[in-house]
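Report on one structure; see the data block that follows.
Protein chains: 2
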Amino acid sequence: MKIGELADRTGVSHRTIHYYERLGLLSPNQREGTGYRYFDDEAAKRLEKIGALKKLGLSLDEIASVIDLYFEDATGIRGKRKVLEILKAQLDETDTKIAELRRFRSDIEANIARIEFLIEEAER
Amino acid sequence: MKIGELADRTGVSHRTIHYYERLGLLSPNQREGTGYRYFDDEAAKRLEKIGALKKLGLSLDEIASVIDLYFEDATGIRGKRKVLEILKAQLDETDTKIAELRRFRSDIEANIARIEFLIEEAER
DNA sequence: TATAAATCTACACTTGACGTCAGGTTTGAT
DNA sequence: ATCAAACCTGACGTCAAGTGTAGATTTATA
Numbered sequence: 001m002k003i004g005e006l007a008d009r010t011g012v013s014h015r016t017i018h019y020y021e022r023l024g025l026l027s028p029n030q031r032e033g034t035g036y037r038y039f040d041d042e043a044a045k046r047l048e049k050i051g052a053l054k055k056l057g058l059s060l061d062e063i064a065s066v067i068d069l070y071f072e073d074a075t076g077i078r079g080k081r082k083v084l085e086i087l088k089a090q091l092d093e094t095d096t097k098i099a100e101l102r103r104f105r106s107d108i109e110a111n112i113a114r115i116e117f118l119i120e121e122a123e124r
Numbered sequence: 125m126k127i128g129e130l131a132d133r134t135g136v137s138h139r140t141i142h143y144y145e146r147l148g149l150l151s152p153n154q155r156e157g158t159g160y161r162y163f164d165d166e167a168a169k170r171l172e173k174i175g176a177l178k179k180l181g182l183s184l185d186e187i188a189s190v191i192d193l194y195f196e197d198a199t200g201i202r203g204k205r206k207v208l209e210i211l212k213a214q215l216d217e218t219d220t221k222i223a224e225l226r227r228f229r230s231d232i233e234a235n236i237a238r239i240e241f242l243i244e245e246a247e248r
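Each protein sequence line maps, in turn, to chains A and B.
Sequential numbering of the first sequence, starting at 1, is according to our numbering.
Sequential numbering of the second sequence, starting at 125, is according to our numbering.
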């Protein structure tokens with residue numbers, strides 16, 4: 001598919017796709033003589049994954065350095081250990097983030113309880 | 125305490141503190157004739173909370189509009205219900221984010237398992 | 001009392017992540 | 001064949017979130 005369709009399907013603007021390409025986050029699988037970019041379905045999946053990683057707070061640079069891990073094919077065992085390392089680091093980071101969110105969550109709950117108490121008290 | 129100490133204690137640069145003040149995220153509790161800013165302990169807590177909210181992905185503008193909820197004193201029951209609403213919305217948001225992170229986490233785990241399998245296979 | 005360190009204001013600069021615009025090429029529909 | 005729509009590149013603009021710098025003032029210390 002061409003860039004327009006990819007943009008429509010993913011909700012990512014074509015200029016943003018250009019930009020991501022320049023950063024090495026994804027690349028069209030062929031450009032033939034004409035200059036037009038042609039993408040396959042994986043490109044759409046990559047864009048989705050990029051969005052998810054962004055939501056996690058990763059910068060595009062950080063994403064660029066890990067995105068390929070999610071789309072490696074089964075061939076090429078070379079470097080797999082390193083991939084494993086990086087993935088495990090990501091796992092740790094994710095756990096940390098979850099823990100932080102949990103703490104934040106109970107903070108909010110405490111605040112809610114406090115306010116609810118105040119309201120109740122005021123109503124009596 | 126003066127801005128330097130606050131900066132040291134929170135790890136937020138004095139320039140950033142100035143910047144936050146301009147955005148209405150926090151304000152020194154007095155400035156007397158001299159022009160120097162003097163902060164109390166609450167300022168440090170506010171900076172911490174700002175950091176937490178940023179980590180949740182809130183913009184400084186959004187933070188400015190909710191930060192006070194966390195530091196309201198017990199007086200003034202007026203509007204408490206609204207505060208409650210906002211806090212509950214935040215709670216929901218937080219839950220959503222936690223859920224997203226969990227999904228992301230199991231994604232990573234799946235990838236780790238896949239790669240581990242590949243390595244093991246290659247070693248045999 | 002001198003002088004170095006901390007602080008002030010105001011303005012300019014930076015970086016990341018895009019968006020806009022202009023001028024040119026390619027494609028698709030008639 | 002033509003002509004609009006889609007695409008290309010490159011340069012510039014923008015917005016958020018800061019950071020840097022200069023010149024002046026205030027405070028702390030020897």
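Glycine included, each C-beta is placed from N, C-alpha and C at the ideal position.
- For A:G4, the uninterrupted alpha helix (DSSP H) run begins and ends at 3-10, by DSSP.
- Taken through DSSP and simplified to helix, strand or coil, B:Y160 comes out as coil.
- Annotation for B:E224: the continuous alpha helix (DSSP H) segment containing it runs 204-247.
- The Cβ of B:L182 sits no closer than 9 Å to any Cβ of chain A.
- Counting every other CB atom within 10 Å of its CB across the protein chains shown gives A:R15 a total below 16, marking it as exposed.
- Scanning chain B for C-beta atoms nearer than 8 Å to the C-beta of A:E109 yields L215, reported in chain order.
- Of the candidates B:L171, B:R229, B:E247, B:L208, B:L171 places its Cα closest to the Cα of B:D132.
- Residues of chain B with a Cβ closer than 9 Å to the Cβ of A:I119 are, in chain order, I201, K204, R205, L208.
- When the beta-carbon positions are compared, A:E109 and B:L215 come within less than 9 Å of each other.
- Within the model, the alpha-carbon separation for A:E123 versus A:E116 is close to 11 Å.
- Flagged as an interface residue toward chain B: A:E100, by a C-beta distance shorter than 9 Å.
- Taking each of B:I187, B:F195, B:A167 in turn and checking the Cα distance to B:A176, the smallest one comes out for B:I187.
- Counting the other Cβ atoms within 10 Å of the Cβ of A:I50 gives 16 or more, which makes it buried.
- The alpha carbon of B:S189 has as its nearest neighbour, out of B:L150, B:I141, B:A223, the alpha carbon of B:L150.
- Note on the stretch 164-202 of chain B: there is no whole beta strand (DSSP E) run with a minimum of 3 residues.
- Classified as exposed, A:R22 has fewer than 16 neighbouring CB atoms from the shown chains inside 10 Å of its CB.
- Rounded to whole angstroms, the Cβ separation of B:K212 and A:I112 is 7 Å, and the two are in contact under 8 Å.
- Taking a C-beta distance under 9 Å as the contact criterion, A:I3 and A:P28 qualify as a contact pair.
- Contact annotation for B:E240 against chain A: L84 [CB-CB distance below 8 Å, chain order].
- For a Cβ distance threshold of 7 Å, residue set A52, L56, T94 of chain A lies close to B:F228, ordered along the chain.
- Rounded to the nearest angstrom, the Cβ distance from B:K221 to B:L180 is 7 Å, consistent with a contact under 8 Å.
- Against chain B, the beta carbon of A:K97 has neighbours under 7 Å at L225, listed in chain order.
- For B:R155, same chain residues with a beta-carbon under 8 Å away, outside a window of 5 residues either side, are R161, Y162 in chain order.
- In the DSSP assignment, B:L147 falls within the alpha helix (DSSP H) that extends over 138-147.
- Contact between A:R105 and B:T218 holds, with the beta-carbon distance rounding to 5 Å and staying under 8 Å.
- Non-local C-beta neighbours of B:L184 in its own chain, meaning closer than 6 Å and more than five positions away in sequence, comprise L147, ordered along the chain.
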